Every structure is written in structure tokens, then in C-alpha cells.
Amino acid sequence: MRINEPNRVGMINAYNKTGNAQVGKTGKIPMGKDEVNISTEALEMLKQVEDPDSPQRREKVDRLKKQVEEGTYRVSSDKIAEKFLSFWQKK
Numbered sequence: 001m002r003i004n005e006p007n008r009v010g011m012i013n014a015y016n017k018t019g020n021a022q023v024g025k026t027g028k029i030p031m032g033k034d035e036v037n038i039s040t041e042a043l044e045m046l047k048q049v050e051d052p053d054s055p056q057r058r059e060k061v062d063r064l065k066k067q068v069e070e071g072t073y074r075v076s077s078d079k080i081a082e083k084f085l086s087f088w089q090k091k
């Protein structure tokens with residue numbers, strides 16, 4: 001078994017050269033611009049969402065809060081199962 005093969009040193013030097021090639025003259029790695037793109041589907045979903053301060057939304061939230069406080073708020077087990085299934089089917 002050879003420990004000091006002549007090709008190993010060359011491979012290490014080649015690795016070091018490629019690592020330093022990305023750094024510019026200033027010693028900093030050049031950075032690109034950050035950019036955000038919102039899909040048309042996401043914009044449509046945003047339009048469909050109700051305004052959180054609308055009177056209808058406020059009334060619904062108040063009604064649900066009252067039901068939870070009184071202990072009369074019930075969710076059907078079928079709806080819960082549907083949500084679980086849709087969640088796990090996406091993955």
C-alpha cells in the first residue's frame with residue numbers, strides 16, 4: 001500500500017484552487033439579488049380571503065367564541081376525518 005502517491009497532492013491542490021475561484025478581488029463572495037415571485041394562483045386565493053375587519057367576519061368570530069365558551073361548539077367527526085385525509089394525501 002502506497003501512502004504518498006504523487007497524484008494525491010495534485011488532487012488536493014486542484015480542490016483548493018476551485019474553492020478560491022469564487023472569491024473576488026475584494027475577498028467577498030458575490031451575492032445575487034433577493035427576489036420574490038407570487039403566483040397567479042396565490043393572488044387569486046388572496047382575493048378570495050375575506051377582509052379580517054369586515055363586519056361579517058367579526059360577527060362569525062364572535063359567534064364561534066361564544067359557542068366555545070359555552071361548550072356548545074361541535075365539529076362533526078366526518079369533517080375532521082376529511083381534513084386529516086386531505087392533509088395526508090398531499091404528502
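Under our numbering, think of the first position of the sequence shown as 1, with each following residue one higher.
Glycine included, every Cβ here is placed at the ideal spot set by N, Cα and C.
Note that the structure is a prediction, hence the values are computed from the model and not measured.
Quick check on residue i: does DSSP put it in helix, strand or coil?
i, result
"T40", "helix"
"K33", "coil"
"D51", "coil"
"K28", "coil"
Taking 7 Å as the limit between beta carbons, can you name the residues of its chain near residue i, skipping five residues before and five after?
i, result
"M45", "none"
"D51", "R57"
Ends of the alpha helix (DSSP H) at residue i?
i, result
"D62", "P55 to E70"
"S76", "That residue, S76, is in no alpha helix (DSSP H); it is neither H nor E in DSSP."
8 Å is my cut-off, CB to CB: does residue i come that close to chain B?
i, result
"P30", "Here chain B cannot be found, since the structure has a single protein chain."
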